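Numbering-wise (full-length UniProt numbering), the sequence shown opens with residue 1 and increments by one.
The beta-carbon is built from N, C-alpha and C at its ideal position, and this holds for glycine as well.
These numbers were taken from a predicted model, which means no experiment stands behind them.
These notes concern the structure reproduced below.
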Amino acid sequence: MNGAAGTQVNTVDGGGGGEPVGVQIQQSRRLPDFLQSVNLKYVKLGYHYLISHLLTLCLIPVMAVILIEVSQMNPDDIRQLWLHLQYNLVSVIICSAVLVFGSTVYIMTRPRPVYLVDYSCYKAPEHLKAPYERFMQHSRLTGDFDESSLEFQRKILERSGLGDDTYVPEAMHQLPPQPSMQAAREEAEQVMFGALDKLFGNTSVKPKKIGVLVVNCSLFNPTPSLSAMIVNKYKLRGNIRSFNLGGMGCSAGVIAVDLAKDLLQVHRNTYAVVVSTENITQNWYFGNKKSMLIPNCLFRVGGSAVLLSNKSVDRRRAKYKLVHVVRTHRGADDKAFRCVYQEQDDAGKTGVSLSKDLMAIAGGALKTNITTLGPLVLPISEQLLFFGSLIIKKIFNKHIKPYIPDFKLAFDHFCIHAGGRAVIDELEKNLQLTQVHVEASRMTLHRFGNTSSSSIWYELAYIEAKGRMKKGNKVWQIAFGSGFKCNSAVWQALRNVKPSPDGPWEDCIDRYPVKIVS
1 MNGAAGTQVN
11 TVDGGGGGEP
21 VGVQIQQSRR
31 LPDFLQSVNL
41 KYVKLGYHYL
51 ISHLLTLCLI
61 PVMAVILIEV
71 SQMNPDDIRQ
81 LWLHLQYNLV
91 SVIICSAVLV
101 FGSTVYIMTR
111 PRPVYLVDYS
121 CYKAPEHLKA
131 PYERFMQHSR
141 LTGDFDESSL
151 EFQRKILERS
161 GLGDDTYVPE
171 AMHQLPPQPS
181 MQAAREEAEQ
191 VMFGALDKLF
201 GNTSVKPKKI
211 GVLVVNCSLF
221 NPTPSLSAMI
231 VNKYKLRGNI
241 RSFNLGGMGC
251 SAGVIAVDLA
261 KDLLQVHRNT
271 YAVVVSTENI
281 TQNWYFGNKK
291 SMLIPNCLFR
301 VGGSAVLLSN
311 KSVDRRRAKY
321 KLVHVVRTHR
331 GADDKAFRCV
341 YQEQDDAGKT
351 GVSLSKDLMA
361 IAGGALKTNI
371 TTLGPLVLPI
381 SEQLLFFGSL
391 IIKKIFNKHI
401 KPYIPDFKLA
411 FDHFCIHAGG
421 RAVIDELEKN
431 LQLTQVHVEA
441 SRMTLHRFGN
451 TSSSSIWYEL
461 AYIEAKGRMK
471 KGNKVWQIAF
481 GSGFKCNSAV
491 WQALRNVKPS
501 PDGPWEDCID
511 RYPVKIVS
């Protein structure tokens, strides 16, 4: 339940050390201008990833040249070659050994393709909707918030970009709220099982066929674990490789996909399921510390289930192929580590505090991530311009702005984590994207709120529902999370992708996009 909300809180004292009587909300420090500072070591890291696949890149053109030469040979040329080889046994042995060795190395080092067969997003029932007026009325009736905090929440909601159709869990609709362990378990079950039932139904894959299960939920980690709850519900097989990721924030969905990908490199011919969610019931903040009230205003119920496969037969029906995963962790820096921090306030009430430095830290993590990702995805022309500008800057003038590559040349669609309106605005500006590129993120925030690590899947579903995903299109999913982390996943569409049945946008896509009031 961690995200970059992008809001700075200032309180105005009434004098004499009394309680704050007014609240001012300002946009926090914006993302750093990427043109001002790009660290060369991260460029080197990206090229290291590229060079690590150099053998494969070299073998492919060599094999292509050989095939072209063979295709141009006539029967006489083949007979002459055979006669030559008959009397040159050493050459035959050497050539055969080279071919066998090269083929073996290629087969052994080639990563197995990972296919995204399908995915599903949970949509809560209508009675769990929390429109603006009801949210504010309920907050007032709980009696936990003073007038200053209520005014603060009102202003945050007005500027949040959230609409009136987002959902909060059942326990938060009660008066007084009932954030019990049982209620939290029920929320988790409704979200996870709801998404998984839809996934298994749409793909016709039997749960017993799942070999890998990865579940991520940042703030709710009961015993038995959430992954164990799924194993028990669907009676998964006894030798399943199950993992439960906790405390990793809104970017944990990409981390879970990366873990599943690595496991699919080891275990042949199997399916992996990745479940991403967040639990709100036990993590609602009932205090008056402004920096800890922001998550109440932004986070909403949601979750996703993704079916991955390394079976070659699944390529025909899969939607996407996983191309790259790039992960950035800034936890070594103390400010980055504490910028999204779960703690207790002075009254002993637990919540997640968002630092006023959050946007700047998110910008630094993003800069690192895209600098590493660039060499893997950008056209060679953009890479040369980018790398050349860095060299010139390094040698001649440190004040020269480096060339920022045009990522629109590498990707057709962008799924930016819907952590908050300010994050989307700043990424649109810094990456020079158009309104269409960020439309999926804005509309997901409006319709479903910040659903944490699952938000990037609601965004992908939006693009599909609009009929924009064509064969060969590349999608960039990018998410931020506590720690502080910035993670990217790149997918390529294997066909013209249509939305799956009973998708999250099925009953409302015709109403979108909507105009967001400033």
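- prompt: For Asp507, which residues of its own chain have a beta-carbon under 8 Å away from its beta-carbon, when the five flanking residues on both sides are left out?
  reply: none
task: Write down the C-beta distance between Gly253 and Asn216 rounded to the nearest angstrom, noting that I regard them as a contact closer than 8 Å.
output: 6 Å
field: Distance between beta carbons of Ala318 and Leu116, contact taken as under 8 Å
entry: For Leu116 against Ala318, the beta-carbon gap comes to about 6 Å, under 8 Å, which counts as contact.
- prompt: In terms of DSSP beta bridges, what is Phe414 paired with?
  reply: Trp476
task: Could you say if the segment 113-133 and the segment 189-206 meet the contact criterion of at least three C-beta pairs nearer than 8 Å?
output: yes
- request: Would you kindly report the start and end of the unbroken beta strand (DSSP E) that includes Tyr119?
  value: 115-121
- prompt: What are the partner residues of Leu494, as DSSP defines its beta bridges?
  reply: Bridge partners of Leu494: none, in fact.
- prompt: Can you name the start and end residues of the beta strand (DSSP E) that Ser242 belongs to?
  reply: Its beta strand (DSSP E) spans residues 241-245.
message: How far does the alpha helix (DSSP H) with Ile370 in it extend, from its first residue to its last?
response: If you look at Ile370, you'll find it in the alpha helix (DSSP H) that goes 358-377.
- request: Check Cys486 in the structure and name its three-state DSSP category.
  value: Cys486: strand per DSSP, three-state reduction.
- prompt: Hey, out of Ala332, Ile230, Leu308, Tyr271, whose CA is closest to Ser482's CA?
  reply: Ala332
query: Do you know offhand how far Pro177's Cα is from Ser204's?
result: Going by the C-alpha atoms only, they are around 39 Å apart.
query: How many angstroms separate the CA atom of Val100 from the CA atom of Leu81?
result: 20 Å
message: Taking the straight line between their C-alpha atoms, what separation do you get for Arg237 and Val273?
response: So the two alpha carbons sit approximately 13 Å from each other.
- prompt: Which residue comes first and which comes last in the beta strand (DSSP E) that contains Thr142?
  reply: Careful: Thr142 lies outside any beta strand (DSSP E), inside the alpha helix (DSSP H) at 132-142.
message: Rounding to the nearest angstrom, what Cα-Cα distance links Gln182 and Phe411 in this structure?
response: 43 Å
message: Need the endpoints of the alpha helix (DSSP H) that Gly388 sits in, please.
response: 380-395
task: Give the straight-line distance between the Cα atoms of Gln27 and Met469, rounded to the nearest whole angstrom.
output: Confidence at Gln27 is low in this model, with a pLDDT of 41, below 50, so the placement of that residue is unreliable and no value is reported for it.
- prompt: Is Ile456 near Ala489, with beta carbons less than 9 Å apart?
  reply: yes
query: Between Lys515 and Pro295, what straight-line distance do the alpha-carbon atoms span, to the nearest angstrom?
result: Their backbone Cα atoms lie some 23 Å apart in a straight line.
field: Cβ-Cβ separation, Gly351 to Arg330 (assumed contact under 8 Å), whole Å
entry: That belief does not hold up - the Cβ atoms of Arg330 and Gly351 are roughly 23 Å apart, past 8 Å.
- request: Give the DSSP-derived three-state secondary structure of Glu506 in the structure shown.
  value: In this structure, Glu506 counts as coil in the three-state DSSP scheme.
task: Label Asn232 either buried or exposed according to how many other C-beta atoms from any shown protein chain fall within 10 Å of its C-beta, with 16 as the threshold for buried.
output: Counting of Cβ neighbours within 10 angstroms places Asn232 among the exposed residues, the total staying below 16.
field: Cβ-based neighbour list, Gln36, same chain, cut-off 6 Å, excluding 5 preceding and 5 following
entry: The predicted position of Gln36 is uncertain, since its pLDDT is 49 and thus under 50; no value can be drawn from it.
query: What's the gap between the Cα of Asp346 and the Cα of Gly472?
result: Cα to Cα, Asp346 sits roughly 54 Å from Gly472.
- request: Can you tell me which of the three DSSP states Ser353 falls into?
  value: strand
query: Using CA coordinates, which residue listed in Phe145, Val475, Phe193, Asn487 is at the minimum distance from Ala362?
result: Asn487
message: Let me check one thing: in DSSP terms, what residues is Gln344 bridge-paired to?
response: Thr350
message: Which same chain residues end up closer than 7 Å to Gly249 when comparing Cβ atoms and leaving out the 5 residues on each side of it in sequence?
response: Asn2, Ser218, Val340, Gly481, Ser482, Gly483, Lys485
query: If you count every other CB in all the chains shown that lies within 10 Å of the CB of Ser500, and 16 or more means buried, which is it?
result: buried
task: Decide if Leu175 is buried, meaning its Cβ has at least 16 other Cβ atoms within 10 Å, or exposed.
output: exposed
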